[in-house]
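In the numbering used here, the protein residues as written are 866 to 1046.
A virtual CB, placed ideally from N, CA and C, is assigned to each residue, including glycine.
Structure record follows, encoded as structure tokens.
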């Protein structure tokens, strides 16, 4: 089940917990984050290719690409046996921002986004069917866990795709990892 926890940025042990989807979406909308529940009901093989996943969700992907003038889409797919899972997890775990907004549609599995805004940290546990869009220049990080299991469609307004600007802040290390969330 998707979940939102809102922490004061200086207290990772005191969180307001929100489980109702509409309440989650409303609170996230208040900081400019789009959070929606989409249908993720296409049957995919465990080793489905990027092209197969994009084809399975072509209609909603095309709709978003047109709405936001996205230039590219790709798929990030990780399993517990992925040979680079540790390096990839570490790449996303430090607080960073992007000059582009970050859009993810979870077609399988789960992941934990943390968004640092207005002296709060918003922990968003995303699951299959969740679409999240983090605004440009918003500080955040992502935890896929030590045994990642997810497939996400990512959309970009630039052909370069995912480019992070790391803040150098160690705040991410103070908040619960996905397995303690």
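- The criterion of a C-beta distance shorter than 9 Å is satisfied by residue 868 and residue 989.
- Residue range 950-958 is occupied by the alpha helix (DSSP H) that includes residue 951.
- Between residue 958 and residue 1021, the C-beta spacing is not below 9 Å.
- The segment 995-1015 makes no contact with the segment 915-924: fewer than 3 CB pairs, one atom from each, lie closer than 8 Å.
- By the Cβ rule, the segment 985-999 counts as touching the segment 961-975, because three or more pairs are nearer than 8 Å.
- Within the DSSP bridge table, the entry for residue 932 names no partner.
- Taking C-beta atoms under 8 Å as the contact rule, residue 874 and residue 985 qualify, at a distance of about 6 Å.
- Taking the Cα positions, residue 947 is about 23 Å away from residue 967.
- DSSP lists 985 as the beta-bridge partner residues of residue 873.
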